[in-house]
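The structure appears right after this line, and notes come after that.
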Amino acid sequence: MQVVLYTIFLAALTWLVVTVQNRRRLVVMTLAAVMAVTLVGAPQPVQAQMGIVGAIQAVLNVINGVIHTALTAINSVRTAVNNLQQLVVWPQQLINQARAQVTQMIGKYRNLMSTIFKINLNSATLAGPRALEAIIRDHQVGNFPALTAMFTNNYGAVPVATSASAGDRAMSDMDDALTLDNLKTLKAADQATDIELQSADAIETSSSQAAPGSASFLTATAITSAIHAQALTQKLLAAELRQEAARLAHRNTLRKENATNTTHLRGVLVNLLQHQ
Amino acid sequence: MKTLRVLVKTIASWMSSHKPRTAVLALVLMFTAPWPAKAQIISPCCALLFAGLSSIQSTLIKVVGGGLNQILGVDKAMQQFQQAVVWPQNLVNQARGLVGVLQGNFNRIQTLMKIPVNSATLPVSQQLEQVLLSRNPNQIGQTSGAYTALYGPVPQATAASPQVLNMVDMTDAAAQAAMKRAIEIDALADLELQAANQLNQSIQAAAPGSAPIIEAQADAWLIRANAYTQSATADLMRLRSIDLANASADIKMGATNTTNLRQALANLLQHQ
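Those sequence lines, one after another, are chains A and B. Position one of the first sequence corresponds to residue 1 (this note's numbering), numbered consecutively onward. Position one of the second sequence corresponds to residue 1 (this note's numbering), numbered consecutively onward.
Written out as structure tokens, the structure reads:
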């Protein structure tokens, strides 16, 4: 718009300059034209200023509105999560309380149970049984030959070949062998039990100082200890199975021998009656 | 084109004959032409812009910066709490150290369970004992042979009554099955010990967040181990049930035999 006005005024001025008659009029007309063109060409910034103010206000509105609201909401959520963790999930007071309980229970039970468990159960009165009883309860695995010797000392050796049938000797040897196997296994198991108890004590002591994040390690290793304990129990059960099976087999062999002997006796009696 | 040329010529001749007027026009054109305006520091526009940007800056500092600082404060508190209370590195390392110590205990137990306990002295009993203590499931097949070699076979049909033969056979079967189960259980227990060691080694290398996964697997192994223990206990109970049944059968057969003997004696007295 301003350019159009400027062009019109310039064309009019040119026409006047060309057609003016004297110099005086030329000067007057020139001054007037310059003033008019200056007025026409003056900048009009009012509208532009109003646009900047509006834009700034809009940005301020966004900051004070949407962004402020969002930041406040995020802060509220983070604060809530923080409170949840500190007051509900992992409250320091209850963590300390749990640790204190572990310590208290260690003090209350550990020594008491250990003392009960270590009460001397030996009851034999004669020298031979006392020695055997001591060795089968000593939790040691390095004295198996002495165990065998003391067992033989108390229960006797397998009869020599001239004293019993081969079957009886073999069965007696098997009975003794399984008894000794189990007594040796029990000595090893006793020692393993001692180690298990040490492990349990160590886990419990550590749990009295554990943090929620480190407790999972203790739990996991406690479970693997429990697997070991189960395996050990299974070993003992297997030994008991062997022992019970051998006992049953022994009785069954006697039953077989009885049957054979009865048949033999019947034959002898029939022969005897026939001869009379 | 010709008209344009004539016009230019006319203007040129006019300009040459009216030099003052041409100069006036040129000056007016030069001074009144709309030149681009230079920036003015203290113009109302710039001042407004400056004030607006200042306002935006202070608002950003106050609203956005303040809000972010609050969030940062909360996050720092959470981080500090988690590092100091929930997952303290020193306690995590301490727990890992304990797992390593327990690994030593496990190895000792495993060594104890492998100590040979064989004690038989005669060839026949040595053979059966070797099979029974082998912890090798592949040797289960040899159990019956070694058992029969030691405890004898079931008597022939003419050697005993059918009841006795059945009882003998059932008892042998229960005893042999128990012995076979013992070999099985020994082998399973060895595998459980191996698995427990592997799990424990994994725990030593685990992170606090991955340890519960290993813990879950260890729990599954524990359930499995319990099942095997129950199975062994069941076999033990079966064995004792057969033993009890044998004792009962002995009483029953004793009663029958007594009756038969009484009858035989009565017959004998009648014939005399």
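Idealized CB from N, CA, C, for every residue including glycine. Every value quoted in this text rests on a predicted model; they were computed, and no experiment measured them.
Contact with chain A by residue i, beta-carbon distance below 9 Å
i      : result
B/T171 : yes
B/I109 : yes
B/A189 : yes
B/N267 : no
B/S55  : yes
B/T259 : no
B/A182 : yes
B/S144 : no
B/S119 : yes
B/S125 : yes
B/N200 : yes
B/I115 : yes
B/I185 : yes
B/I307 : No statement about residue 307 of chain B is possible, as the shown extent of chain B runs from 1 to 272 and does not include it.
Min CB distance residue i to chain B below 9 Å
i      : result
A/F117 : no
A/P212 : yes
A/A12  : no
A/T281 : This structure gives no information on residue 281 of chain A, because the portion of chain A shown stretches from 1 to 276.
A/R169 : yes
A/I63  : yes
A/D138 : no
A/M174 : yes
A/S208 : no
A/E133 : no
A/P45  : A caution first: A/P45 carries a pLDDT of 48, below 50, which makes its placement in the model too unreliable to give a value.
A/V20  : yes
A/A259 : yes
A/A149 : no
A/A245 : yes
6 Å Cβ shell around residue i - same chain, five flanking residues per side excluded
i      : result
B/Y151 : none
A/P212 : W90
For residue j and residue i, believed in contact at Cβ under 8 Å, the rounded distance
i      : j      : result
B/I109 : A/L232 : 7 Å
B/A182 : B/L132 : 6 Å
A/S225 : A/S199 : 5 Å
B/A187 : B/R135 : 5 Å
B/A178 : A/L180 : Their Cβ separation, rounded to whole angstroms, is 19 Å, which puts B/A178 and A/L180 out of contact at 8 Å.
A/A146 : A/I135 : 6 Å
B/D243 : A/L248 : 6 Å
A/D173 : B/T121 : 6 Å
B/V63  : A/I63  : 5 Å
A/T221 : B/N200 : 6 Å
Interface flag, residue i vs chain D, CB-CB below 9 Å
i      : result
A/S163 : In the structure shown, chain D does not exist; the protein chains are A and B.
7 Å Cβ shell around residue i - same chain, five flanking residues per side excluded
i      : result
B/N69  : none
A/F144 : K184
B/G100 : Q204
8 Å Cβ shell around residue i - same chain, five flanking residues per side excluded
i      : result
A/T79  : none
B/L236 : A178
A/K235 : T185 and A189
Exercise for the section: Check distances from the C-beta atoms of the stretch 223-241 of chain B to those of chain A and list, in chain order, the residues that come in under 8 Å. Expected result: A225, N226, Y228, T229, A232, T233, D235, L236, L239 and R240
Practice task
Check distances from the C-beta atoms of the stretch 7-23 of chain B to those of chain A and list, in chain order, the residues that come in under 9 Å.
Solution key: W14, H18, P20, R21 and T22
Practice task
Quick one: which residues of the stretch 86-115 of chain A get their C-beta closer than 8 Å to a C-beta of chain B? List them in chain order.
Solution key: Q86, W90, Q92 and I95
Practice task
With 8 Å as the limit, tell me which residues of the stretch 224-243 of chain A have their beta carbon closer than that to any beta carbon of chain B; keep them in chain order.
Solution key: T224, S225, A226, I227, H228, Q230, A231, L232, T233, Q234, K235, L237, A238, A239, E240, L241 and R242
Problem - Where the stretch 70-99 of chain B meets chain A: residues whose CB sits under 8 Å from a CB there - result: Q70, I71, V74, D75, A77, M78, F81, Q82, V85, V86, W87, P88, L91, V92, Q94, A95, R96, L98 and V99
Problem - Interface positions of the stretch 151-165 of chain B facing chain A (Cβ-Cβ less than 7 Å), listed along the chain - result: Y151, G152, P155, A159, A160 and V164
Handout entry: Interface residues of the stretch 209-224 of chain B facing chain A [CB-CB below 7 Å]
Key = A211, P212, I214, E215, A218, D219, W221 and L222
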